[in-house]
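Working notes for the structure below.
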Amino acid sequence: MEGSNMASQANNSRRLSVNAAFMQDIKNDNRDLKILMDRLAVLTHPREAAANHWPELIQLFSDLNDQLALHFGLEEAYGYFDQALDADPEMSIAAETLRSQHAVLFEDSRHLAEAAAHACTGDAPIEGVTPEVTTAQEKVLVRYDSFVKQFHEHEEAELKLILDALDEDLGVGD
1 MEGSNMASQA NNSRRLSVNA AFMQDIKNDN RDLKILMDRL AVLTHPREAA ANHWPELIQL
61 FSDLNDQLAL HFGLEEAYGY FDQALDADPE MSIAAETLRS QHAVLFEDSR HLAEAAAHAC
121 TGDAPIEGVT PEVTTAQEKV LVRYDSFVKQ FHEHEEAELK LILDALDEDL GVGD
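Residues 1 to 174 in the working numbering are what the sequence shown lists, from first letter to last.
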């Protein structure tokens with residue numbers, strides 16, 4: 001009896017806690033981030049759209065940086081999977097790796113916003129593209145495409161980690 005009570009206590013210490021206010025904040029943040037990234041996708045592809053909307057893109061890249069500050073801040077402040085990972089060293093390493101990517105992704109988004117603001121003047125246009133996208137603008141757009149890929153991979157890895165932690169906590173049915 002005592003052994004089963006200790007096992008129950010060990011299982012209870014690893015359980016994910018769900019905070020309703022936190023979940024609402026995350027839900028709102030995810031919706032806002034998706035709307036912003038969807039708008040950026042429309043304006044960056046095809047490239048000709050970007051040239052027509054560069055002033056708006058400058059603002060959207062800045063907004064993306066601000067939204068990512070909120071997004072990563074919420075994830076780190078609430079530590080939404082810390083409790084579930086304490087007992088599993090392998091998951092803890094994965095969580096720390098993902099958490100360390102926040103600073104890198106945030107810094108990349110800041111550099112994108114700065115590069116976009118500087119790319120709107122004084123650069124030669126790319127021939128054959130009408131309206132003309134400048135070389136500097138094209139570099140920003142290529143960097144943004146790479147950033148989006150890295151960000152989506154990061155978010156997918158976080159989701160997988162959370163689901164793995166839930167599987168570990170709740171068990172996987174047959």
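For each residue, glycine too, the CB sits at the ideal point set by N, CA and C.
Nothing here was measured: the structure is a model prediction, and the numbers come from that model.
A contact between stretches requires three or more CB pairs, one per stretch, nearer than 8 Å, and the region 61-68 meets this requirement with the region 108-117. Of the residues assessed, residue 35 falls on the exposed side of the cut-off, its CB having fewer than 16 other CB atoms within 10 angstroms. With a cutoff of 8 Å on beta-carbon distance, residue 102 and residue 61 are scored as not near each other. The beta-carbon separation of residue 98 and residue 154, rounded to 7 Å, stays under the 8 Å limit for a contact. Boundaries cannot be given for residue 53, as no alpha helix (DSSP H) includes it and DSSP labels it neither H nor E. Counting along the chain, residue 119 sits inside no alpha helix (DSSP H), nor does DSSP assign it H or E at all. Of 37, 167 and 58, the smallest CA-CA separation from residue 148 is found for 37. Between the C-alpha atoms of residue 54 and residue 106 there is a straight-line separation of about 21 Å. Of the other Cβ atoms in all chains shown, 16 or more fall within 10 Å of the Cβ of residue 137; this residue is therefore buried. Short of 8 Å from the beta carbon of residue 58, and not among the five residues preceding or following it, lie these beta carbons of its own chain, in chain order: 113, 116, 117 and 120. Distance check between residue 144 and each of 31, 50, 26 and 30 places 50 closest, using alpha-carbon atoms only. With a threshold of 16 other beta carbon atoms within 10 Å, residue 140 meets it and is buried. Its chain contains 99 and 102 as the residues whose beta carbon lies nearer than 8 Å to that of residue 76, once the 5 sequence neighbours on both sides are disregarded; these appear in chain order. Taking residue 39 as the centre and dropping the five residues before and after it, the same chain places the C-beta of 60 closer than 8 Å to its C-beta, in chain order.
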